[in-house]
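Below: one structure, written as structure tokens.
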Amino acid sequence: MINLKTERIAVHNCASIFSDFGWIFREQSIGDFGIDAIVETQSNCSPSGKLIALQIKGGNSNFYQTKSSLIFYFSHSHYLYWKNYSLPVFLILHDSNNTIYWQLFSKKNIKKTRTRWKLIIPKTNLLKDSKLQIDKISEKKAIKRKKNLRKVKTTKKNRDFIYFLGDKNSLCLSINKEKYQMSFDFNYNPRNNGNYKLKKLNNDDPFYSTLKNFEKIINKKIYSKEKNLELSLLKIIGGNIEFLRSNIWNRENYSNNIPSYEDFMLAFERYSGLKKSEYQTNISDGFIYIYSEDDKTFEIHTLESRQKQIQNFILMSDFEFIKVFTSFSAWSEIYMDYGGIHKHNFIPLFLNIWDYYWNNEYEMSKKLNTPTNNIDELKNSYRKKYKEFKKLYNKSENIIELSFDFSFDFFYPASIIVMYQVFGEEILSLYSGIELSEEDWVEVDISQTENWEYEPSFFIRQQNT
1 MINLKTERIA VHNCASIFSD FGWIFREQSI GDFGIDAIVE TQSNCSPSGK
51 LIALQIKGGN SNFYQTKSSL IFYFSHSHYL YWKNYSLPVF LILHDSNNTI
101 YWQLFSKKNI KKTRTRWKLI IPKTNLLKDS KLQIDKISEK KAIKRKKNLR
151 KVKTTKKNRD FIYFLGDKNS LCLSINKEKY QMSFDFNYNP RNNGNYKLKK
201 LNNDDPFYST LKNFEKIINK KIYSKEKNLE LSLLKIIGGN IEFLRSNIWN
251 RENYSNNIPS YEDFMLAFER YSGLKKSEYQ TNISDGFIYI YSEDDKTFEI
301 HTLESRQKQI QNFILMSDFE FIKVFTSFSA WSEIYMDYGG IHKHNFIPLF
351 LNIWDYYWNN EYEMSKKLNT PTNNIDELKN SYRKKYKEFK KLYNKSENII
401 ELSFDFSFDF FYPASIIVMY QVFGEEILSL YSGIELSEED WVEVDISQTE
451 NWEYEPSFFI RQQNT
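Residue 465 is where the sequence shown ends in UniProt numbering, and the numbering goes up by one at each step.
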């Protein structure tokens with residue numbers, strides 16, 4: 001409690017000094033990792049667009065003193081976070097005498113110790129006297145970011161999101177939408193960077209899904225006319241593309257009781273014995289795939305993550321996902337356990353899906369400007385099958401098996417969707433429990449408390465090559 005009070009006093013006094021500078025101080029959420037506030041300088045009483053990030057520490061216990069300097073120690077995790085952060089990062093130290101010191105986090109100001117890192121802060125670096133120095137540093141960073149933005153020439157065909165390679169071939173994104181124009185550096189060097197020279201996103205990039213989801217977040221924020229958009233997006237990026245991936249996963253899944261991305265990685269490391277540097281991760285459509293250096297591929301889930309993933313694809317009527325990435329035997333078992341579905345309940349729902357499916361096929365053909373002959377033929381073929389399917393319905397004990405036999409591409413996934421509509425969400429938890437209990441899945445526990453029975457279990461399997 002004392003530490004929290006000390007930290008709050010430090011933040012308050014720090015904000016007061018920046019307000020005296022005439023600058024805009026924006027505190028970040030309490031407990032946010034690595035950054036406590038974002039400050040925007042002002043020029044002629046107007047926001048300048050020049051931004052800096054602050055980590056604020058209060059109390060003498062946070063540093064050691066020498067005759068001429070203060071020494072602040074920090075972890076390797078913080079080193080990586082600040083090193084890759086998109087804005088210049090300043091460490092602010094508030095001592096017990098209410099004196100506030102500052103130092104820029106930079107290569108020349110830090111040193112590696114045996115187990116940690118340290119930042120040396122001269123006692124002459126008094127925050128209240130350093131407006132001009134800090135302003136110059138923020139201006140240098142702003143100029144660098146504007147140079148990156150000028151490298152990109154927008155086109156009518158692709159004006160919203162343009163990817164390009166910035167300094168040291170680091171992947172950057174330029175946003176040019178409505179009144180917004182800004183760029184972000186992901187501090188990521190793509191292995192195959194050919195497409196980025198063409199300003200396109202490589203769909204085989206391991207961060208492809210992460211970046212596409214980031215675009216959706218940006219569009220949503222622009223549509224809602226969110227204030228301080230750039231600061232909000234910087235916080236989501238978190239310094240580099242690894243943090244972006246983690247933040248997006250956590251943002252999308254927290255409300256569904258799905259563990260954090262970091263917990264998934266911890267579970268995999270316990271299972272495999274590998275270190276973070278010995279594997280790579282790809283997230284796509286709710287799947288977390290992990291690739292080891294010896295070319296093995298792993299998939300990891302919890303009951304909750306698998307349940308939510310399947311629900312998403314059923315609600316989107318994604319036939320391809322349902323037929324390829326779910327278990328026929330599990331669906332069949334659930335159907336039988338529930339005692340089946342009466343024909344008069346099944347058929348109307350099935351026909352609704354029928355209409356949706358073919359309307360979607362014709363709409364897609366229209367967009368692509370392709371002939372519809374093949375669609376017409378396939379629809380007529382399925383119509384004949386449907387008549388036979390309807391005749392056999394009451395004679396079949398298991399409609400999932402019947403639909404599978406009639407058409408793996410249409411009847412089977414459509415029947416799964418009908419089953420979900422009739423039986424409700426609870427079949428998803430049953431499905432996940434059945435599938436993840438199969439012998440190719442290994443259960444992993446990362447709990448470190450006595451309440452382990454309330455902690456989620458992780459399920460990992462190695463994919464067949």
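For each residue, glycine too, the CB sits at the ideal point set by N, CA and C.
Rounded C-beta distance between residue i and residue j? I'm assuming under 8 Å.
| i | j | result |
| --- | --- | --- |
| residue 442 | residue 345 | About 39 Å; that fails the 8 Å criterion. |
| residue 52 | residue 90 | 6 Å |
| residue 298 | residue 310 | The Cβ separation is near 19 Å, so there is no contact. |
| residue 185 | residue 172 | 5 Å |
| residue 218 | residue 248 | Not quite, the Cβ-Cβ distance comes to about 12 Å (not below 8 Å), so this is no contact. |
| residue 180 | residue 229 | 6 Å |
| residue 347 | residue 390 | 7 Å |
| residue 88 | residue 17 | Their Cβ separation, rounded to whole angstroms, is 17 Å, which puts residue 88 and residue 17 out of contact at 8 Å. |
| residue 200 | residue 163 | 7 Å |
Taking a contact to mean a Cβ-Cβ separation below 9 Å, would you say residue i touches residue j in this structure?
| i | j | result |
| --- | --- | --- |
| residue 135 | residue 50 | yes |
| residue 123 | residue 86 | no |
| residue 207 | residue 233 | no |
| residue 104 | residue 71 | no |
| residue 6 | residue 58 | yes |
| residue 92 | residue 55 | yes |
| residue 271 | residue 458 | yes |
| residue 460 | residue 444 | yes |
| residue 126 | residue 100 | yes |
| residue 358 | residue 400 | no |
| residue 393 | residue 404 | no |
| residue 102 | residue 239 | no |
| residue 288 | residue 264 | yes |
| residue 109 | residue 209 | no |
| residue 372 | residue 362 | yes |
| residue 121 | residue 63 | yes |
| residue 266 | residue 292 | no |
| residue 66 | residue 139 | no |
| residue 343 | residue 462 | no |
Apart from the five residues on each side of it in sequence, which residues of its chain come closer than 8 Å, Cβ to Cβ, to residue i?
| i | result |
| --- | --- |
| residue 447 | 455 |
| residue 28 | 35, 36, 37, 38 and 235 |
| residue 439 | none |
| residue 366 | none |
| residue 178 | 222 |
| residue 11 | 27, 36, 37, 56 and 58 |
| residue 13 | 94, 98 and 100 |
| residue 15 | 25, 27 and 37 |
Identify, in the order they occur along the chain, each residue of the same chain with its Cβ nearer than 6 Å to the Cβ of residue i, setting aside the five sequence neighbours on each side.
| i | result |
| --- | --- |
| residue 257 | 304 |
| residue 353 | 414 and 417 |
| residue 95 | 60 |
| residue 327 | 435 |
| residue 231 | 38 |
| residue 241 | 186, 188 and 207 |
| residue 246 | 261 |
| residue 307 | 428, 429 and 432 |
| residue 349 | 418 and 421 |
Starting from the C-beta of residue i, find all residues in its chain whose C-beta is less than 7 Å away, skip the five residues before and the five after it, and write them out in chain order.
| i | result |
| --- | --- |
| residue 356 | 317 |
| residue 259 | 302 and 456 |
| residue 315 | none |
| residue 336 | 398 |
| residue 154 | Residue placement at residue 154 is flagged as unreliable, the pLDDT there being 45, under the threshold of 50; a coordinate-derived value is accordingly withheld. |
Looking at the strands, I want to know which residues DSSP matches up with residue i.
| i | result |
| --- | --- |
| residue 488 | No answer is possible for residue 488: the residues shown for the chain start at 1 and end at 465. |
| residue 330 | Per DSSP, none; premise fails for residue 330. |
| residue 286 | Residue 286 is not bridged to any residue. |
| residue 348 | In the DSSP output, where bridge partners are listed per residue, residue 348 has none listed. |
| residue 54 | 37 and 90 |
| residue 461 | 299 |
| residue 25 | 39 |
| residue 102 | 92 |
| residue 74 | 117 |
| residue 165 | 171 |
| residue 110 | 119 |
| field | contact_flag[the stretch 10 to 21, the stretch 76 to 91] where n(CB pairs < 8 Å) is 3 or more | value | The stretch 10 to 21 and the stretch 76 to 91 do not touch, with fewer than 3 CB-CB distances between them shorter than 8 Å.
| field | Segment contact, 8 Å Cβ cut-off, at least three pairs: the stretch 242 to 254 with the stretch 209 to 224 | value | The stretch 209 to 224 and the stretch 242 to 254 touch, with three or more beta-carbon pairs separated by less than 8 Å.
| field | At least 3 beta-carbon pairs within less than 8 Å: the stretch 292 to 311 vs the stretch 420 to 438 | value | Under the three-pair Cβ rule at 8 Å, the stretch 292 to 311 counts as touching the stretch 420 to 438.
| field | Three CB pairs or more closer than 8 Å across the stretch 224 to 236 and the stretch 276 to 289 | value | As far as the Cβ criterion goes, the stretch 224 to 236 does not touch the stretch 276 to 289, which means the pair count is below three.
| field | the stretch 377 to 392 in contact with the stretch 308 to 324 per 3-pair CB rule at 8 Å | value | Under the Cβ criterion (8 Å, minimum of three pairs), the stretch 377 to 392 does not count as touching the stretch 308 to 324.
| field | Stretch-stretch touch, CB-based, cutoff 8 Å, three pairs: the stretch 394 to 409 with the stretch 319 to 329 | value | In this structure the stretch 394 to 409 lies against the stretch 319 to 329, because at least three pairs of beta carbons, one per stretch, are closer than 8 Å.
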